[in-house]
Amino acid sequence: MESTTDKANPLAKKLAKIQDNQFENDKDTLEALKELSTFFNENSIRTRRNLRGEIEGRSLAINQDIFKAFHQVKEGKNLNFFVILSLDDVHSQVLFMNQSCKGMSSKLAAVKMRTHQLMSQMTSFQATSNQLSMEQMVASKMIESFQLTPAEMTELQSFDRAITAEFFTAFRKSKHIHQQCKLLLQSGHQATVFEIMEQMASFQETALERLYRWTQNQCRNIDSPDSNILLTQAISCLQDRPVLLKYVVDEYCTVRRGLVARSFLDALTVGGPHGTPRPIELHAHDPARYVGDMLAWLHQMTPTEKENAQALLKGCDKSDITELVKGALANITEGVCRPLRLRLEQVISPDIGPAVLHTLSGLIRFYLNTIGEVVPNSALIETLNDVFDQCHHTFLTSLESHVQRLLERIQPPSQDLSPSLGVNQLLNLLRDVLSGGHIVDAKPSDVSEVVSRVLDPLLHLIEDTAGRLPRVDQAAYTLNCVYQIHSSLSLYEHVEERLENLQGLMENQLALLSNEQATSLIHSLGLGPVCALLQNQGDGELLSNIPGMDSSSLQSFLVKLDALLGAPDALQLAQWKLLISGSHRKTIQRRALDTVLSIYEQLYDAVHNPANCYENPSSIMPRTPQQVRDLLA
Amino acid sequence: MRQSRSATLKMMVDRAPNDRQINKLPPPYLKSSTPYAGSDFRPEVKSACISNRLVSAGLKISKVIILGNVAVGKSCLVNRFCHSVFDQNYKATIGVDFEVERFDILQVPFNLQIWDTAGQERFKCIASSYYRGAHAVVVAFDLTNLYSLSSCPAWLEDALKANTVRPLVFLVGTKRDLLSEAAYKHVEDQATRMARALQAEYWCVSSKCGLNIDTFFQRIAALTFNVSVSQECREIDSSKEIGNGLVTLKKTENPIGGMEKRKRLKNDCCNS
């Protein structure tokens, strides 16, 4: 209701606005009202009407006051208790200030002019300083990478300190610097580079000297180089000076040589720790065992020494380590040469017999090859070679004297035409010798030498003694002897040529004996004339008419032949029965009978040939050659 | 000094290949057929290896010899292990062959020297020179040839004669691949009986297919290592004891020794 009246009535709106206006909050209004309340003491119509004039009058008066006051200020009059300069004064002072400012700025400009040079100098100094600090940095870097620290230098140069891993870092650094110098040289700082290089070279020289002495010292009391990594490093560094390296390796070898020689003597005389294994010389009475044990000890020592030497030299990457190791091993094994040679030479005497000597020379040759693979061209191999030669020589001499002695004892062939005892003894000797040398694959030439040294004089002697016998006896005796030799020898290798030779010899005797046997058979069968007649046949005469070829004389032959068929061995030579070898006997018999058979065949053909006019040939010779052959077989 | 030691250890990175590293004792082939019963390394060996007490004492080496009749497969056994090859063709060993195998046992480098001897009678005089000072003896026989088993005692006797301290002994049957399961059981019976009689540890292997070869040699290496290190420990300990004994005994023993000396001197005087 009310709002509608408000909207309807603008007056009411204004009233509401005035009512809403809260004057008590408006300070200015309150002040103004308070000031207004001082204007009048009484509230009358008159005063109310004059209010406006009064306010304007007062406003005027105030403006006048202000004007007066400003005037006073301009005049410079003392007002109240402030001393205020007049505006003119202020003006003049400002002017003055301006002037002095101008002066100052000009002065400043002048100074600026003067300091400009200073400034430019300053900047140039700054630049120089920057450059210098840069150079300093470069130089310190350079020193860092091209110079050693004092600590490193002392490490390299102080001879009384022990070598540690730091030494090797320092040493490597100096080497690295030396190498880097070449790079530096390309950028062309020759003088400096040469100086540095010289310096490094001298450091390295001292360091190597120090390292050399240390290493040499280490080598002197070394047990196993594998345990000492510093030592292998040292050796690797010493590669730069082959001479020093050689000295060090020599020193090592000398020490090991002594050790090896001592332990060899220990193994010979004392044995291992706590008597295990027992000393080798315990078996000195058995030459083969003694020599074998000594050489086996040496052979077993070489791998350990080789490993040690390889461990010592494994840092050597610049040269062929295998050559170095071989050299070192040759050097180390030199120590055992003297005691070894002494003992071997003591053992090798002709008294121990050719068989043992041959065994020994086989053994020595075996180790000559085996050890030679590990340490070729060493004094040890030379020693073994010498001893081998000596052994071989002694063996040959001893063999010869033994053979001679046995040959002298060989008796002439006995009645039974068997090889005499001496032949068997000689063959036994040969067997012993060949079996003894059988350990190692012997060279064919050696075997044939040994064989010919025994067999040549033996065969000669057999030939000699057989020469005094009748022809057939001689052949049988020779065949027996050669057969014995052949069967002894056939057990061994590398004697094929000799066996062939013997086979040929036997063949000769066999042929001779077969011939003899055939002749004797023909003779005892009474075939001699028949043979001759058969051969001379052909002059037109009838065979049946020829005397000796008639059926009655043939009959007597056939009777004898029947007897032979019944007992083939009955007509053999006496010597035939004395042959040792059954196969020889068989061969001779076979060949002889073959001869007889071929004659029989001819005869049979002739008898059955109608041209020869035999009556009833099948009753004269009822057996075909084939039947006879079967009966004899 | 300590620093250099550690550097030393660091440098020793060139180790044995994996299958040559042994960190625990391999078991025997048959628990029932071995005289070496321990199931692990001896405690003193272990502690010595862990504390690296032995590193300075140099590389350990043990020597193994392999014996047995002709053509039982001794060289094949060695070649199979050392070179992983098997050659079907027979080639007689001349005298003796030598191989060395590097192991790392409990991280300690260890070398096994294997001397493979010839079985042929004619080489016996060479081979027997190598029996001395063996740490282990392997007597090999052919599982398919019982005669070769029956000659094992003779081989072992020869080897033991050359040694005053009894080495470790192994009896190993070869050519397992040629036998059926049933046939093998029969042979194994006899072989284990033989092993007991010889106080040997029994193994069966095949070089052709590689059966048990590696474990067998690892077992040998570990056992010989165990023996040699514990012996070394004992030596170190006993030398320590002797040292201490000298210090303590000196007081009591000296006067006696002195008296004796004086006595002897007196006697000498009298005699002279």
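Protein chains in written order, with numbering that gives the first Met the number 0: chain E, 0 to 632; chain Y, 0 to 271.
A virtual CB, placed ideally from N, CA and C, is assigned to each residue, including glycine.
For clarity, every value in this text was computed on a predicted model and none was experimentally measured.
Assignment of residue 451 of chain E by DSSP, reduced to helix, strand and coil, places it in the helix class.
Our two residues, residue 204 of chain E and residue 239 of chain E, have alpha carbons roughly 10 Å apart in a direct line.
Annotation: Cβ neighbours of residue 365 of chain E in chain Y (cutoff 8 Å, chain order): 93, 94, 125. A contact between stretches requires three or more CB pairs, one per stretch, nearer than 8 Å, and the stretch 557 to 569 of chain E fails this requirement with the stretch 393 to 400 of chain E. Near chain E, meaning a CB-to-CB distance below 8 Å, the residues of the stretch 160 to 184 of chain Y are 161, 162, 163, 164.
Beyond the five residues adjoining it in sequence on each side, residue 218 of chain Y comes within less than 6 Å, by CB distance, of 25 in the same chain, given in chain order. Nearest to residue 485 of chain E by C-alpha distance, out of E:279, E:502, E:492, is E:502. Sequence-distant partners of residue 288 of chain E (beyond 5 residues in either direction) whose C-beta falls short of 7 Å from its own C-beta, in its chain, are 282.
For residue 295 of chain E, at least one C-beta of chain Y is nearer than 7 Å to its own C-beta. Of the residues assessed, residue 66 of chain E falls on the exposed side of the cut-off, its CB having fewer than 16 other CB atoms within 10 angstroms.
Residue 67 of chain Y sits buried, since 16 or more C-beta atoms from the chains shown fall within 10 Å of its C-beta. With 16 or more other Cβ atoms from the protein chains shown falling within 10 Å of its own Cβ, residue 491 of chain E counts as buried.
Under DSSP, residue 172 of chain Y shares a beta bridge with Y:140, Y:203. Contact between the stretch 17 to 24 of chain Y and the stretch 581 to 593 of chain E is absent, with fewer than three C-beta pairs closer than 8 Å. Counting of Cβ neighbours within 10 angstroms places residue 201 of chain Y among the buried residues, the total reaching 16 or more. In the displayed model, residue 198 of chain E falls within a helix according to three-state DSSP. With distances taken between CA atoms, residue 293 of chain E lies nearest to E:338 out of E:315, E:338, E:326, E:42. Taking C-beta separations shorter than 6 Å and ignoring five residues to either side along the sequence, residue 448 of chain E has no partners in its chain.
Short of 7 Å from the beta carbon of residue 53 of chain E, and not among the five residues preceding or following it, lie these beta carbons of its own chain, in chain order: 38.
Distance from residue 173 of chain E to residue 210 of chain E at the Cβ level is roughly 12 Å; contact not present, criterion being Cβ atoms closer than 8 Å. Residue-level contact by beta carbon fails for residue 67 of chain Y and chain E, as no gap is shorter than 7 Å. Distances from the CA of residue 609 of chain E to each of E:389, E:542, E:107 were compared; the closest alpha carbon is that of E:542. Contact between residue 84 of chain Y and residue 78 of chain Y holds: their C-beta atoms lie close to 6 Å from each other, under 8 Å.
Residues of chain Y whose Cβ lies closer than 9 Å to the Cβ of residue 287 of chain E are, in chain order, 124. Residue 59 of chain E and residue 99 of chain E have their C-alpha atoms roughly 44 Å apart. Note on geometry: alpha-carbon atoms of residue 96 of chain Y and residue 114 of chain Y lie some 6 Å from one another.
Residue 223 of chain Y sits buried, since 16 or more C-beta atoms from the chains shown fall within 10 Å of its C-beta. Straight through space, the alpha carbons of residue 91 of chain E and residue 111 of chain E are spaced by roughly 30 Å. Between residue 65 of chain Y and residue 59 of chain Y, the C-beta gap is not smaller than 7 Å, which leaves the two residues out of contact.
At least one CB atom of chain E sits nearer than 7 Å to the CB of residue 132 of chain Y. Distances from the CA of residue 290 of chain E to each of E:201, E:390, E:403 were compared; the closest alpha carbon is that of E:390. Proximity to residue 33 of chain Y across Y:206, Y:191, Y:236, Y:232 peaks at Y:191, based on C-alpha coordinates. By the Cβ-count criterion, residue 62 of chain Y is buried, with 16 or more other Cβ atoms from all chains shown falling within 10 Å of its own Cβ. When the alpha-carbon of residue 422 of chain E is set against those of E:413, E:285, E:405, E:414, the nearest one is in E:405. The three-state reading of DSSP puts residue 66 of chain Y in strand, counting E and B together. Between residue 523 of chain E and residue 596 of chain E, the beta carbon gap of about 15 Å keeps them out of contact (Cβ cut-off 8 Å).
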